[in-house]
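Below is one structure, written out as structure tokens, with a few remarks after it.
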Amino acid sequence: MTSLRCFLPCDAGALAVGADAVAAALRAGLERRGLAAEIVRTGSRGLYWLEPMLEVATAQGRVAYGPVAAGDVESLLDAGLASGGSHALRLGAPEQIPFLARQARLSFARCGVVDPTSLEEYAAHGGWRGLERAVATPPAEIVEAVVRSGLRGRGGAGFPTGIKWRTALEAAGARKFVVCNADEGDSGTFADRMLMEGDPFSLVEGMAIAGLAVGATRGYVYVRSEYPHAIATLRAAVAAARRAGILGPAVIGSKQPFEIEVRVGAGAYVCGEETALLESLEGRRGQVRARPPLPAHRGLFGCPTVVNNVLTLAAVPFVLAEGADAYAAFGFGRSRGTMPIQLAGNVRRGGLFEVAFGLTLGELVDDVAGGTASGCPVRAVQVGGPLGAYFPRALFDTPFDYEAFAARDGLIGHGGVVVFDDRVDMARQARFALEFCALESCGKCTPCRIGSVRGTELLDRLLRGEGDRAAQIALLEDLCETLKLGSLCALGGFTPYPVTSALRHFPEDFRAGQAEAGRSIL
Amino acid sequence: MTRPAPETVTRPAPESFRPELAAEIIAAGAGEEGALLPLLHALQAAFGCVPDPAISMLAEALNQTRADVYGVVGFYRDFRREPAGRRVLKLCRAEACQAMGGEALAAQARAALGVDWDETTRDGQLTLEAVYCLGLCATAPAALLDGQPVGRLTRERLLALLDAAREPA
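Printed below as a string of structure tokens:
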């Protein structure tokens, strides 16, 4: 007889809203009723407004309920949870929920479905096929497949992944490395975290393929310390892959060794910048390196190194398993494939939305996310993390695509979309961007280290109404220009995006005394 | 398979500095390439901070100057020179949480505890820290209490959390 199978996320976002309490109540309730059942802890499907989302396997497929509180469990069991019985919280088949049905889940196909640390489930859901293909393919052909797929770095810069790999493959070196950048520090982003917690083997597989492609024998994942659950799950997955002979002296039947080590950051945002990350891995202060040399020529410990974001590496198994053309068939313009977009902040339906490039910002915010959680009108949307521009409603027709956002003086970065309602004070948001830059600057280059501090002082004077207003604004714009052109990395270089976009699109908030006018959320 | 618990949740309470234990920790990891950050994390996990004698021992083991090691300890927000309170609450102050009223909560937390950022309550029970993003942006405002995530914070939930966190062990 098959016993009942329930699925409940152990994703940090679900735990934050009580998933463990639901699990405990469920276990107790099932026991009281003498029902044999297995509670599988999965990752999250990414429908966070419905978390904790409980699913049960029925003869007709899975049935979901959410958001479930521990206090709902008794009534759910009474309603016949085991057979997908009707209840106020019943959502039906999870795949039919419009938010999920509209997505193209290539990288997140397994996330929220499988037990993240089960090798069997990973294999049963299509895992390792890309790696098996890679083992039987010469390195140059793996690289060319990635080039043809059009995959671009999902960390933010959007650099073509295949070109980076080709550079590392062609670079001479006795040792080479693959480094996974899992220092996901941008506010409004959580896709890396979800993937590491919900489907870590896809990252392991992507890194192993990268190792085979460029001739690297060792990989490091640099995970931020703010992600304790991701670190634990990823370490368990790496250990399981090693025990199964997928990692180790011979990657599944190949002659090439590949090992992965998980390293933990220490609370420095700038270590998400690839050269600062390499410095940190080497045991130093996370200070940015001047380029050239490129990391692909001289990276970690002076050796040729591929540095890729979690989402970039996790997209690779699909490219190998299904073919470059299948991946490139998704997308828009020069942005090929899918982008895991993260809808966050003041939204009714927050979560992960993986979709082909090309939806407009307005569709994402109004339609997919359903507008604000507060019910107040949307006023500003910050896209691409703390270094991304603020978009007003007037620019909601911008398609989600690297070039389209750049053409409107913005960036898509790592795909974070943070929505603010009409209570936001954009002068305070601009000031926060400069303050954040000052706080997180590695100190290596002057525009970022000093400019960020001078910028906050300048904004304060402007908001206090000191001096000539036009002259202050001209000075601020000039300072932003210096930061943009003179900084060594994106921290100083992109901080002007939120500042100048706020100034341009929301000038009414920069009048003296505005900060005291009661609109501030800060 | 049971889900792996974060090390920050499961590890034992820190003990006071013991040179023998520090030497043992350093010897176990000093052979790795780029060993300094993992060693600093391990020492802080054991002792609750990175005390001066440990810095000298690290410098010697890794053949670096003490200034180099100090420089690294000082650069990263995670590493402390003094132990924190019994529990640590990291409250997110980044944009997604701001959009959901996070800064008002931050002010309430400081007022309720009578501390500013990076300070510990007078009874030594709780240290309050600002953090810039926990990746809990779709369940904002969010916080992390000793590695346990908390989301959809309201004033009431925050005050209850602060009370519970200050209960003696």
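Chains as they are written, first to last, in this note's numbering: chain L, 3 to 524; chain U, -10 to 158. We put the CB at the ideal spot given by N, CA and C, even for glycine. Computed from a predicted model, the values in this text were never measured in an experiment.
Asked: Taking the straight line between their C-alpha atoms, what separation do you get for G488 (chain L) and R456 (chain L)?; Found: 15 Å
Asked: Cβ closer than 7 Å: which chain U residues qualify as neighbours of Y229 (chain L)?; Found: G124
Asked: Roughly how many angstroms separate the alpha carbons of F64 (chain U) and A331 (chain L), rounded to a whole number?; Found: 45 Å
Asked: How many angstroms separate the CA atom of R70 (chain U) from the CA atom of C38 (chain U)?; Found: 5 Å
Asked: Can at least three beta-carbon pairs, one atom from the segment 220 to 233 of chain L and one from the segment 251 to 263 of chain L, be found at a separation below 8 Å?; Found: yes
Asked: List the whole-angstrom C-beta distance separating E207 (chain L) from G129 (chain L), where the pair is believed to meet the contact cut-off of C-beta under 8 Å.; Found: 7 Å
Asked: Step through the CB atoms of chain L and report whether any lies within less than 9 Å of the CB of Q87 (chain U).; Found: yes
Asked: Does DSSP put T119 (chain L) in a helix, in a strand, or in coil?; Found: coil
Asked: Note down, in chain order, each residue of its chain lying with its Cβ closer than 8 Å to the Cβ of R293 (chain L), except the 5 sequence neighbours on either side.; Found: T277
Asked: Could you check whether the Cβ of P2 (chain L) sits closer than 9 Å to any Cβ belonging to chain U?; Found: Outside the shown range of chain L (3 to 524) lies residue 2 (chain L), about which nothing can therefore be said.
Asked: Taking all protein chains shown into account, do 16 or more other C-beta atoms lie within 10 angstroms of the C-beta of E49 (chain U), making it buried, or fewer, making it exposed?; Found: exposed
Asked: Within this structure, are the beta carbons of L26 (chain U) and R226 (chain L) separated by less than 9 Å?; Found: no
Asked: CA-CA distance, P500 (chain L) and R82 (chain U)?; Found: 17 Å
Asked: Roughly how many whole angstroms lie between the Cα atoms of L524 (chain L) and D368 (chain L)?; Found: Legend: pLDDT at L524 (chain L) = 39, less than 50; position of this residue unreliable, value from coordinates given subsequently. Going from the Cα of L524 (chain L) to the Cα of D368 (chain L) covers about 25 Å.
Asked: Under the rule that 16 or more other beta-carbon atoms within 10 Å means buried, what is V(-2) (chain U), buried or exposed?; Found: exposed
Asked: Hey, out of U:Q33, U:A34, U:P72, whose CA is closest to G113 (chain U)'s CA?; Found: U:P72
Asked: Taking CB distances under 9 Å as the criterion, tell me whether V77 (chain U) reaches chain L.; Found: no
Asked: Taking the alpha carbon of V240 (chain L) as the point to measure from, which residue in L:D201, L:V272, L:G274, L:Y271 has its own alpha carbon closest?; Found: L:D201
Asked: Using a Cβ-Cβ cutoff of 8 Å, what residues of the segment 117 to 142 of chain U are near chain L? List them in chain order.; Found: V120, Y121, C122, L123, G124, L125, C126, A127, T128, A129, A131, L133, G136, Q137, P138, V139, G140, R141
Asked: Under 9 Å between C-beta atoms, does A(-6) (chain U) make it to chain L?; Found: yes
Asked: Taking 9 Å as the CB-CB limit, is A2 (chain U) close to chain L?; Found: no
Asked: Quick one: is A100 (chain U) near chain L, going by C-beta distance under 9 Å?; Found: no
Asked: Taking the C-alpha atoms as reference points, what is the distance between A409 (chain L) and F422 (chain L)?; Found: 23 Å
Asked: Under 9 Å between C-beta atoms, does A234 (chain L) make it to chain U?; Found: yes
Asked: Kindly identify the DSSP beta-bridge partner or partners of I41 (chain L).; Found: L:C8
Asked: Should R107 (chain L) be labelled buried (16 or more other beta-carbon atoms within 10 Å of its own) or exposed?; Found: buried
Asked: Should the segment 13 to 33 of chain L be called in touch with the segment 66 to 80 of chain L, which here means at least 3 C-beta pairs below 8 Å?; Found: yes
Asked: Going by DSSP in three states, A532 (chain L) sits in which element: helix, strand or coil?; Found: Not covered by the structure: residue 532 (chain L). The range shown for chain L is 3 to 524.
Asked: Report the option in L:G352, L:D194, L:G335 whose CA atom is closest to the CA atom of P401 (chain L).; Found: L:G335
Asked: What would DSSP say about C482 (chain L), mapped onto helix, strand or coil?; Found: helix
Asked: Per DSSP, what are the beta-bridge partners of S337 (chain L) in this structure?; Found: L:F334
Asked: Quick one: Cα of G87 (chain L) to Cα of R451 (chain L), how far?; Found: 60 Å
Asked: Give the interface partners of Y59 (chain U) over in chain L, defined as CB-CB distance under 8 Å, in chain order.; Found: What Y59 (chain U) touches in chain L: nothing, since even the nearest Cβ is about 10 Å away.
Asked: Say whether chain U places a C-beta atom closer than 9 Å to the C-beta of Y533 (chain L).; Found: Past the edges of chain L, shown from 3 to 524, lies residue 533 (chain L), and the structure says nothing about it.
Asked: Less than 9 Å between CB atoms is the rule here; does A83 (chain U) satisfy it with respect to chain L?; Found: yes
Asked: Would a C-beta distance cut-off of 9 Å place G364 (chain L) and F398 (chain L) closer than the cut-off?; Found: yes
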